[in-house]
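Order-wise, the sequence lines are chains A and B. Following the numbering used here, the residues of the first sequence are numbered contiguously, the last one being 358. Following the numbering used here, the residues of the second sequence are numbered contiguously, the last one being 255. Backbone N, C-alpha and C define an ideal beta-carbon position, used for all residues, glycine too. Working notes, structure below.
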Amino acid sequence: MLTRRVIPCLDVRDGRVVKGVRFGNLRDSGDPVELAAAYEAQGADELVVLDVSATPEGRGTAVETLRAVRGAISIPITIGGGIRRREDAERMLANGADKVGVNTAAVDRPEILAELAERVGVQCVVLAVDAARRPASPSSSAEAQSGGGWEVVTRSGTTRTGLDAIEWMRRGQELGAGEILLTSWDRDGTRDGYDLALLEAASNAIERPVIASGGANSPEHMAEALTHGADAVLAASIFHEGEWTVAGIKEELARAGVPVRRLEGAL
Amino acid sequence: MTPPSSTQPAPIRIIDTGIANTASVSAAFGRLGLAASLCESPDEVREAAAVVLPGVGSFGAGIGRLRELGLVDAIKERIEADRATLCVCLGLQLLGETSEESPGAVGLGVAPVAATHFPPGARTPQFGWNLVTPGAGFSLAEPGYAYFANTYRLTELPVGWAGATSDHAGPFVASMRKGNVLACQFHPELSGPWGLGLLASWARECAGLEARVPATGRAEAC
């Protein structure tokens, strides 16, 4: 039986792991290679490395970081941030990534998903979607839970695209995305829990696996996400700050009846 | 236990299909103290102590690339001569004859099997860690979790091969072995300490290459 995945996320800039709230206020959280090795030993199922630098020099550093992390761990690595062309994706795969995440570039030019899938296979293509709740219409209290649905935001949350997030994921799946990394812009870094309504809507609408991201603060949050349609849960702060280890989270998930892979002796 | 000096060719050659995660395969062997390098010529494939056929991408593109590189005969000869060969993910499916993924495309045909799509209701691709249970005669690994990323799979073990199975909406072939040829539907290079252990066993038993177990290696719970 396929187990549910717990995926630590490393936001990297200038060779360091950083983490912010709602995509801003970045603070230093440590060395990427040390963190990656520790998470693997704790039983992390995959690692997502997001390059959050904004400059060409930063992009070069991110490739070095990727290579160093690859040399230290033997679990899958998805890299995202700054993948705009097929060549960017190929460079990342050649340097140790197993999957590439595209976000803004796919919104700007959806065909990139098809080009990547054709070249490297859907198994390598992750569509990263940042979704923000649309304000609920004041006339309808029934909409309060899911508001007016969700809108795709890009460029680290600074641009509202007007695209309906659920429709966009459907389109992404058709074009060649093998997996959806779905971040709730409203919850990211807040520790209020994942946006469960968003996860349910996404998982009902598409066949591809959905990775829940944004808002995790506890194993309970993760168990909720995994019972509301997510196939995997991603988190950053709760691991970086040492409140929870991956092994500790998995112990709680197993107790809650979620099938997980656990490493013998991992703490 | 001593890694080969840089003047010798690497004992493990990874076929560079241009569409696979070869850096991860190479890094995994690196962690085991085994030198591995890319190759794309038929002579290199024929002569190497051990060859890895990695695979991501579609069945049709994969076999097309092997034909382009002129490697089909060299790979088949290796396998028929029972020389150490490891086929990963799509690499396993390419050993068969056809796949529902690419109607009309013809595989290496080393084994009389065909890859089919997971049944409706199974989320695809199958992304994640699944329990691998070795069957009779499959001695390279204990039961453990391995990382899969596939939409198609074999449901029947070809005659003459020992196998290990997993379950995703029904049982499927997780791995199969005949002599010195090992094929894995999962990615051993991405399957943590258990995967490294399998690679080390294959290198030792099938290619006579002694691996070093990495310091962080742990036994996998099953």
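The beta strand (DSSP E) with Glu-242/A in it runs from where to where?
241-245
Identify which residue in Ile-166/A, Gly-333/A, Gly-239/A and Thr-250/A has its Cα closest to the Cα of Ile-257/A.
Gly-239/A
Measure the CB-CB distance between Arg-150/A and Gly-121/A and report whether it falls below 7 Å.
no
How should Gly-241/B be labelled, buried or exposed, when 16 other C-beta atoms within 10 angstroms of its C-beta is the threshold for buried?
exposed
Hey, is Ile-52/B's beta-carbon within less than 7 Å of any beta-carbon in chain A?
yes
Chain-ordered neighbours of Glu-270/A on chain B, where CB pairs are closer than 8 Å:
Pro-158 and Phe-160
Buried or exposed: which applies to Leu-358/A, given that a residue is buried once 16 or more other Cβ atoms fall within 10 Å of its Cβ?
exposed
Opposite Asn-15/B in the DSSP bridges: which residues?
In the structure displayed, chain B extends from 34 to 255; residue 15/B sits before or after that span and is not available.
List, in order along the chain, the chain A residues whose C-beta lies closer than 8 Å to that of Leu-185/B?
Before going further, note that residue 185/B is Tyr rather than Leu in the sequence given. Ordered by position in chain A, no residue passes the 8 Å Cβ test against Tyr-185/B, which lies about 11 Å from the chain.
Enumerate in chain order the residues of its own chain whose CB-to-CB distance from Thr-35/B is below 7 Å, with the five nearest sequence positions on each side excluded.
Bear in mind that a pLDDT of 48 at Thr-35/B, under 50, signals an unreliable position, so the number given afterwards is only what the model happens to contain. Excluding sequence neighbours, Thr-35/B sits near nothing in its chain.
Which term fits Ala-169/B, buried or exposed, when burial requires 16 or more other beta carbons within 10 angstroms of its beta carbon?
exposed
Measuring only between beta-carbons, confirm whether Pro-350/A sits less than 7 Å from chain B.
no
Chain A contact residues for Leu-164/B, given Cβ-Cβ distances below 7 Å:
Met-92
Can you find a C-beta in chain A that's less than 7 Å from the C-beta of Asp-200/B?
yes
Quick one: is Ala-61/B near chain A, going by C-beta distance under 7 Å?
yes
So, with DSSP's three-state summary, where would you put Glu-175/B?
coil
Rounded to whole angstroms, what is the Cα-Cα separation between Ser-231/A and Pro-167/A?
With a pLDDT of 49 at Ser-231/A, under the threshold of 50, the predicted position of this residue should be treated as unreliable, and no value is reported.
Let's see if you can read the secondary structure: which residues bound the beta strand (DSSP E) around Arg-210/B?
204-211
Considering Ser-304/A, what are the terminal residues of the beta strand (DSSP E) in which it resides?
301-304
Against Ala-182/B, what residues of chain A qualify as contacts under a CB-to-CB distance less than 7 Å, listed in chain order?
Gln-214
Go through its chain and collect everything with a Cβ distance to Leu-344/A's Cβ below 8 Å, but skip five positions before and after it.
Arg-95, Val-97, Pro-310, Met-313, Ala-314, Leu-317 and Val-351
So, at 6 Å on beta carbons, what are the nonlocal neighbours of Gln-133/A in its own chain, with the 5 sequence-adjacent residues on each side left out?
Thr-336, Val-337, Ala-338 and Ala-357
Is Gly-230/B close to chain A, meaning its C-beta is less than 7 Å from at least one C-beta of that chain?
no
Counting only Cβ pairs nearer than 9 Å, list the residues of chain B close to Pro-300/A.
Arg-156, Thr-157, Pro-158, Gln-159, Phe-160 and Gly-161
Please identify the residue among Ile-302/A, Pro-99/A and Val-109/A whose C-alpha is closest to the C-alpha of Leu-218/A.
Ile-302/A
For the alpha helix (DSSP H) that Pro-310/A lies in, which residues bound it at each end?
310-318
Proximity below 7 Å, CB of Val-193/A to CB of Thr-169/A
no
With distances taken from CA atoms, which of Val-58/B, Pro-87/B, Glu-130/B and Ala-83/B is nearest Trp-235/B?
Ala-83/B
Compute the beta-carbon to beta-carbon distance between Ile-52/B and Ala-94/B, rounded to the nearest angstrom, for a pair I have assumed lies under 8 Å.
7 Å
Distance, Thr-245/A Cα to Val-124/A Cα
28 Å
Exposed unless 16 or more other CB atoms sit within 10 angstroms - verdict on Asp-76/B:
exposed
Return the first residue and the last residue of the alpha helix (DSSP H) that Gly-140/B is part of.
Taken as a continuous stretch (DSSP letters only), Gly-140/B belongs to no alpha helix (DSSP H), as it is neither H nor E.
For Gly-106/A, tell me which candidate among Glu-131/A, Val-160/A, Tyr-130/A and Ala-128/A has the shortest Cα-Cα distance.
Val-160/A
Using 8 Å for Cβ pairs, my map puts Ser-132/B next to Ala-147/B. What's the rounded Cβ distance?
7 Å
Where Met-92/A falls, given that 16 or more other Cβ within 10 Å makes a residue buried:
exposed
Between the beta-carbon of Ala-182/B and the beta-carbon of Pro-158/B, is there less than 7 Å?
yes
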